[in-house]
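Chemist: Residue numbers (the working numbering), protein chains in the order written: chain A, 11 to 224; chain B, 599 to 844.
Every residue, glycine too, gets a C-beta built ideally from N, C-alpha and C.
Values in this document were obtained by computation on a predicted structure and should not be read as measured data.
Below is one structure. I have some questions about it.
Dropping the structure here:
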């Protein structure tokens, strides 16, 4: 006959503690693994826009970034930007340069595409449409969330690459052509993969899609 | 060699990246914004701590205290406000860096112009007597570097007496006096005699700084300076026809 052994109180406490520890560990693991857990995803359909024809929706790994474009400030730059967005050129393109809490850069259509990333040349690619002139004469406050076209060291070399700043950068005025500002979704940008030791990203995050709202 | 590479790699690996916007724009470390909301959109920066520049790190400048900066900023701003945003754009000048004890290879200098970086570094502790005029002297170097085709050294040298020769470079001569000659005879200062481009910069800075009546008086008495002044004025007008010398 098997004698039933009754667990003592202290054994019960240890057992409960172990289960609690396992739950906490698992929960923490899920939270840490899912970087998007507490990021609000904005649905443009639930928002009323004043200039809906100038609203662009960039979908990144943690959700939507809703950008208003400013054709009255940089007409040629915005025209180029819209053209590329409407053609779907930015879909599956890497966020190749990310500086934590400072800047996110993407739009290398030649060397930044998912499946054909070229780590040696990323950041130097072209769109095939040629460069456009810098539009830096109009006043523009480069506050947090501003979107500008990237360029090489020289002016008038803007093409397809663009950046979004995550902090105010007053000195960018007169240096980079502004194309718009983020209305919603800055938190989404803050979750884009970055490295502590380098601006350039190994196995970067990608733009899922980038479309005009209308 | 491999060990050195390894050490460098480890160093890069453990050094976190902090994007420095000012450094990224003009490649000068340790700067902070002093004033950027100006009429002609010049951006004034100051050295938070001393910095070294150049391939051989031979350009050195030190930080200043706030009172000195405030005092000299008003003077510099007053002088640089003579230039419109449109003119500054044409000559490629956007950033003014304020620091003190500026030197190149151990030789003290009032300013270092760099039209590629759109930057002028100014030593705010430079001799107060000449300070305001020297600002325009340095601005001329930016103009000259940006519009080399307009300022022909051979043509300029022909304005001088036949036997006169400039030195090989501005630092290979002892002619560094900045005091204006009582009797000019083709040159405003001793430093004008160093090189053609320094001579041009001295003429330009005097046109801007001196009273127009004094300039007219000098023109009447000194035919060489009269030609030099006309040459500078005409070429500046080619850059911006609306430019006012006063």
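Evaluate the contact criterion for the segment 688–706 of chain B versus the segment 739–750 of chain B: three or more CB pairs, one atom per stretch, below 8 Å.
Modeler: yes
Chemist: Would you say the segment 699–715 of chain B touches the segment 669–680 of chain B, given that touching needs at least three Cβ pairs under 8 Å?
Modeler: no
Chemist: Of all the options 729(B), 740(B), 635(B), which has the alpha carbon lying nearest to the alpha carbon of residue 713(B)?
Modeler: Within the second chain, residue 713(B) is the residue found at index 115, counting from 1. Here the closest residue by C-alpha is 740(B).
Chemist: What three-state label does DSSP hand residue 6(A) in the structure shown?
Modeler: In the structure displayed, chain A extends from 11 to 224; residue 6(A) sits before or after that span and is not available.
Chemist: Taking only the alpha-carbon atoms, compute the straight-line gap between residue 184(A) and residue 52(A) and give it to the nearest angstrom.
Modeler: Taking the first residue of the first chain as position 1, residue 184(A) is located at position 174. Taking the first residue of the first chain as position 1, residue 52(A) is located at position 42. Answer to the nearest angstrom: the Cα atoms are 31 Å apart.
Chemist: Report the residue from 158(A), 45(A), 109(A), 61(A) whose alpha carbon sits nearest the alpha carbon of residue 117(A).
Modeler: As a position in the first chain, residue 117(A) is number 107, starting the count at 1. Out of 158(A), 45(A), 109(A), 61(A), 158(A) has the C-alpha closest to the C-alpha of residue 117(A).
Chemist: Between the beta-carbon of residue 134(A) and the beta-carbon of residue 145(A), is there less than 9 Å?
Modeler: Residue numbering aside, residue 134(A) sits at position 124 when the first chain is read from its first letter. Residue numbering aside, residue 145(A) sits at position 135 when the first chain is read from its first letter. In this structure, residue 145(A) does not lie closer than 9 Å to residue 134(A) by Cβ.
Chemist: Just by C-beta distance, which residues in the segment 823–837 of chain B are closer than 8 Å to chain A?
Modeler: none
Chemist: Taking C-beta pairs closer than 7 Å, name the residues in chain A that residue 639(B) reaches, listed in chain order.
Modeler: Position 41 of the second chain holds residue 639(B). Within 7 Å Cβ-Cβ: 184.
Chemist: What's the call for residue 653(B), buried or exposed, on a 16-neighbour Cβ count within 10 Å?
Modeler: Walking along the second chain from the start, residue 653(B) turns up at place 55. By the neighbour-count rule (16 or more Cβ atoms within 10 Å), residue 653(B) is not buried but exposed.
Chemist: Within this structure, are the beta carbons of residue 79(A) and residue 190(A) separated by less than 9 Å?
Modeler: Translated into positions along the first chain, residue 79(A) becomes position 69. Translated into positions along the first chain, residue 190(A) becomes position 180. Taking 9 Å as the Cβ cut-off, residue 79(A) and residue 190(A) qualify as a contacting pair.
Chemist: For chain B, is any of its Cβ atoms less than 9 Å away from the one on residue 130(A)?
Modeler: The residue labelled residue 130(A) in the question sits at position 120 within the first chain. Not one chain B Cβ lies under 9 Å of residue 130(A).
Chemist: To the nearest angstrom, how far is it from the Cα of residue 214(A) to the Cα of residue 154(A)?
Modeler: By 1-based counting over the first chain, the position of residue 214(A) is 204. By 1-based counting over the first chain, the position of residue 154(A) is 144. About 22 Å.
Chemist: Would you list, in chain order, the members of the segment 161–182 of chain A that have their beta-carbon closer than 8 Å to a beta-carbon of chain B?
Modeler: For the segment 161–182 of chain A, which is checked against every Cβ of chain B, the residues closer than 8 Å are 179, 180, 181, 182.
Chemist: What separation, rounded to the nearest whole angstrom, lies between the Cα atoms of residue 137(A) and residue 170(A)?
Modeler: Indexing the first chain from 1 puts residue 137(A) at position 127. Indexing the first chain from 1 puts residue 170(A) at position 160. C-alpha separation (whole angstroms): 6 Å.
Chemist: Go ahead and label residue 60(A) buried or exposed: buried means 16 or more other beta carbons lie within 10 angstroms of its beta carbon, across all protein chains shown.
Modeler: Residue numbering aside, residue 60(A) sits at position 50 when the first chain is read from its first letter. Exposed, since its Cβ has fewer than 16 Cβ neighbours within 10 Å.
Chemist: Which residues of chain A have a Cβ atom closer than 9 Å to the Cβ of residue 845(B), listed in chain order?
Modeler: In the structure as shown, chain B starts at 599 and stops at 844, and residue 845(B) therefore has no counterpart that could be examined.
Chemist: From the beta carbon of residue 626(B), is the nearest beta carbon of chain A less than 9 Å away?
Modeler: Mapped onto the second chain, residue 626(B) falls at position 28. Closer than 9 Å: no.
Chemist: Assign residue 54(A) to buried or exposed, taking buried as 16 or more other Cβ atoms, counted over all protein chains shown, within 10 Å of its Cβ.
Modeler: Numbered from 1 along the first chain, position 44 holds the residue referred to as residue 54(A). By the neighbour-count criterion, in which 16 or more other beta carbons inside 10 Å mark a residue as buried, residue 54(A) falls on the buried side.
Chemist: Could you list which residues in chain A have their beta carbon closer than 9 Å to that of residue 634(B), in chain order?
Modeler: For the purposes of this step, residue 634(B) is taken as residue 36 along the second chain, with counting starting at 1. The contacting residues are 180, 181, 183.
Chemist: Classify residue 798(B) as buried or exposed, calling it buried when 16 or more other Cβ atoms lie within 10 Å of its own Cβ.
Modeler: The sequence position of residue 798(B) within the second chain is 200, counting from 1. The residue in question, residue 798(B), is buried, as its Cβ has 16 or more Cβ neighbours within 10 Å.
Chemist: Tell me which residue opens and which closes the beta strand (DSSP E) that residue 115(A) is part of.
Modeler: On the first chain, position 105 is the one that residue 115(A) refers to. Per DSSP, residue 115(A) belongs to the beta strand (DSSP E) from 113–116.
Chemist: Any beta carbon from chain B within less than 9 Å of residue 159(A)'s own beta carbon?
Modeler: Looking up residue 159(A) in the first chain gives position 149. Not closer than 9 Å to any Cβ of chain B, the Cβ of residue 159(A) fails to qualify, so no.
Chemist: What's the C-alpha gap between residue 667(B) and residue 722(B)?
Modeler: Sequence index remark: in the second chain, residue 667(B) carries index 69 (1-based). Sequence index remark: in the second chain, residue 722(B) carries index 124 (1-based). Distance between the alpha carbons of residue 667(B) and residue 722(B) is about 7 Å.
Chemist: Between the C-alpha atoms of residue 140(A) and residue 81(A), what's the straight-line distance to the nearest angstrom?
Modeler: Working through the first chain from its first residue, we reach residue 140(A) at position 130. Working through the first chain from its first residue, we reach residue 81(A) at position 71. Those two C-alpha atoms are separated by around 20 Å.
Chemist: May I ask you to report which of helix, strand or coil DSSP gives residue 190(A)?
Modeler: Taking the first chain and counting its residues from 1, one reaches residue 190(A) at position 180. Strand, per DSSP.
Chemist: Should residue 87(A) be labelled buried (16 or more other beta-carbon atoms within 10 Å of its own) or exposed?
Modeler: On the first chain, position 77 is the one that residue 87(A) refers to. Label assigned to residue 87(A): buried.
Chemist: Could you have a look at residue 644(B) and say whether DSSP puts it in helix, strand or coil?
Modeler: The sequence position of residue 644(B) within the second chain is 46, counting from 1. It is a strand residue.
Chemist: What runs of the beta strand (DSSP E), each 3 residues or longer, lie entirely inside the segment 730–790 of chain B?
Modeler: none
Chemist: Quick check on the DSSP output: what are the complete alpha helix (DSSP H) runs of length 4 or more inside the segment 628–705 of chain B, in order along the chain?
Modeler: 664–678, 683–689
Chemist: Who are the Cβ neighbours of residue 628(B) in its own chain at under 8 Å, not counting the five residues just before and after it?
Modeler: Along the second chain, read from residue 1 onward, the residue named residue 628(B) stands at position 30. Only 645, 646, 647, 648, 649, 661 meet the Cβ criterion.
Chemist: Which residue comes first and which comes last in the alpha helix (DSSP H) that contains residue 836(B)?
Modeler: Sequence index remark: in the second chain, residue 836(B) carries index 238 (1-based). For residue 836(B), the enclosing alpha helix (DSSP H) begins and ends at 821–837.
Chemist: Apart from the five residues just before and just after residue 625(B), which ones in its own chain have a Cβ nearer than 6 Å to its Cβ?
Modeler: On the second chain, position 27 is the one that residue 625(B) refers to. No residues qualify anywhere along the chain.
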